Amino acid sequence: MSNRSIAIVGSGISGLSAAWHLSDKNKIFLIEKGDRLGGHTHTHVFNTERKPFFVDSGFIVFNKVNYPNFTNWIRELNVKESQSEMSFSVSRAGGNFEWGGSSIFSAFGQKRNLVSPKFLKMLLEVVKFNRLAKKFLQQESAYQYKNTLARFLSENNFSQFFVRNYLAPMAGSIWSTPESKITDYPTISILQFFDNHGLLSVSNHHQWFHLSDGSSSYIKHLFNHGRFRKKEIKVLKNHRVDHVEPIQNKQEELKISLQIENLEKKEKYTLKVDDVIFACHANETLLCFNGNRPEYPLLKRIRFQKNVGYLHTDKRLMPKRKSVWSSWNYLSGEDGIHDENISVTYWMNKLQDLKTSQNIFVSLNPFLEPCESSYKKKLVYEHPVFDQDMIEAREKLLKIQGLDHIWHSGAWTGNGFHEDGFVSGKKVAAMINSKTNKLKC
48 MSNRSIAIVG SGISGLSAAW HLSDKNKIFL IEKGDRLGGH THTHVFNTER
98 KPFFVDSGFI VFNKVNYPNF TNWIRELNVK ESQSEMSFSV SRAGGNFEWG
148 GSSIFSAFGQ KRNLVSPKFL KMLLEVVKFN RLAKKFLQQE SAYQYKNTLA
198 RFLSENNFSQ FFVRNYLAPM AGSIWSTPES KITDYPTISI LQFFDNHGLL
248 SVSNHHQWFH LSDGSSSYIK HLFNHGRFRK KEIKVLKNHR VDHVEPIQNK
298 QEELKISLQI ENLEKKEKYT LKVDDVIFAC HANETLLCFN GNRPEYPLLK
348 RIRFQKNVGY LHTDKRLMPK RKSVWSSWNY LSGEDGIHDE NISVTYWMNK
398 LQDLKTSQNI FVSLNPFLEP CESSYKKKLV YEHPVFDQDM IEAREKLLKI
448 QGLDHIWHSG AWTGNGFHED GFVSGKKVAA MINSKTNKLK C
């Protein structure tokens, strides 16, 4: 018998995690406006050499140190995993300046780097940055939490060459954020992430993994799992939530009214539930509220950036020198600080160990579209902008979590990664279960 009826808006990792942790005793409505489940978990079938390959975009890799909850979950779901090779490169102005981080040979893949004073100084500044970052993280002060990355770099006299050709490309690629915005992020957030992921040392980096049959394979395993398969879960794909409002029923119980449109049938209807979890981006949640809701002004401050990607085979969107090619490849014009979007090409053969002679790439915001013969699919994603204003608004929003039985989850409530999304859904589920148990007493 169900305890509560719960609508989950969004079927990305947060929504699926919430559904998993609430499915035991509750009736779940999993509402997805698109025609597939998964959000940023997105696997494509790429046919080449008379054989299909599973190629991911969005969520691609994870490690077991920084993704403990997600790792334990996919083990429970019996999802197969394989090792990935992680490396990073920078290429500017059509290859006029390039370096790679996979080995000493890729670092000096462009031979003139061997005699470039600026490049050699940059390598020394990497060591300096790692040392000062660790020192910064040992501090305990309000200053530590209000300091932007730009201020940290300025106060410690880092060169613009280091910022533009090492730190901003790497951090920007991780958060899918352009150089012009990444230095507005709080220093503490950037440095904690670098430290936790082993990026403040030149060795002892974490081993990364991908899901062998594509990232979407965990969704199939989830719905085939015995714990989940027979539960009261109704999946509503191609359904959009247009408005959400708390109401009192005749028994003076608080219910949540959702105005929903079936996008295939062009039909609108109302669904009433005990709780609603917004497991989507904050800017999408905003559209479901009137301006008088206390969440409204906070949600407006949580911004997202649109990023356009392509699945393709065009090697023009890789570094000029093959010796520099890496798993992640940052590409930029001469002065990337003015680029409106981050441009990164993921070499999927290396990331997912694809056993094919055909090089397969996923490019985010490329400077030129892949040539028509190599073009396979266009992709559109949104990523959170973690500036100071967003983080302050997010903290205030989470303090009113559960107000009127309305809950908020998503990877954006953490650092924006799959582990954050999974934990967010799990936490909301725990709070709802705890509240339900108290109501029984």
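Add 47 to the 1-based position in the sequence shown for my numbering, that's all there is to it.
All C-beta atoms in this analysis are idealised placements derived from N, C-alpha and C, irrespective of residue type, glycine included.
Just so it is clear, the structure is predicted and the values come from calculations on it, not from any experiment.
{"Asked": "Local Cβ density within 10 Å of SER61, reported as buried at 16 or more and exposed below that", "Found": "buried"}
{"Asked": "Proximity of ALA65 and ILE324 at Cβ, strictly below 7 Å", "Found": "yes"}
{"Asked": "The region 143-162 touching the region 364-384, judged by at least three CB pairs closer than 8 Å", "Found": "yes"}
{"Asked": "Limits of the unbroken alpha helix (DSSP H) element including ILE235", "Found": "234-243"}
{"Asked": "Of the listed residues LEU77, VAL102, LYS278, nearest to LYS423 (C-alpha basis)", "Found": "VAL102"}
{"Asked": "Identified DSSP bridge partners for ILE53", "Found": "ILE75, ASP322"}
{"Asked": "Residue closest to LYS482, alpha-carbon to alpha-carbon, out of ALA458, VAL470, ILE453", "Found": "ILE453"}
{"Asked": "Segments assigned alpha helix (DSSP H), at least 4 residues, entirely inside the region 82-149", "Found": "115-123"}
{"Asked": "Supposed close pair PHE257, ILE107 - CB separation, criterion 8 Å", "Found": "Checking the displayed sequence, the identity of residue 257 turns out to be His instead of Phe. About 6 Å; that satisfies the 8 Å criterion."}
{"Asked": "Assigned secondary structure, LEU196 (DSSP; H/G/I helix, E/B strand, else coil)", "Found": "helix"}
{"Asked": "Short Cβ contact (7 Å threshold) for GLY141 with ALA326", "Found": "no"}
{"Asked": "Whole-angstrom distance between VAL427 and ASN354, CA atom to CA atom", "Found": "6 Å"}
{"Asked": "Reduced DSSP secondary structure (H/G/I, E/B, other) of HIS385", "Found": "Confidence is the limiting factor: at HIS385 the pLDDT is only 47, short of 50, which leaves the residue's position unreliable and the question unanswerable from this model."}
{"Asked": "Range of the contiguous alpha helix (DSSP H) that encloses GLY273", "Found": "273-276"}
{"Asked": "Sub-7 Å separation of LYS72 and ASN50 beta-carbons", "Found": "yes"}
{"Asked": "First through last residue of the alpha helix (DSSP H) which encompasses SER58", "Found": "Segment: none, SER58 is in no alpha helix (DSSP H) and carries neither H nor E."}
{"Asked": "Minimum length 3: unbroken beta strand (DSSP E) runs contained in the region 410-439", "Found": "422-431"}
{"Asked": "Contacting residues, own chain, Cβ-Cβ under 6 Å from ASN330 (five flanking each side not counted)", "Found": "PHE351"}
{"Asked": "Given PHE208 as reference, the closest of GLU226, THR195, TRP222, SER220 once Cα atoms are compared", "Found": "GLU226"}
{"Asked": "Pairwise C-alpha distance: LYS425 and ARG83", "Found": "16 Å"}
{"Asked": "Span separating the alpha-carbon of LEU401 from that of THR360", "Found": "13 Å"}
{"Asked": "Contact between the region 470-479 and the region 335-349 (3+ Cβ pairs under 8 Å)", "Found": "no"}
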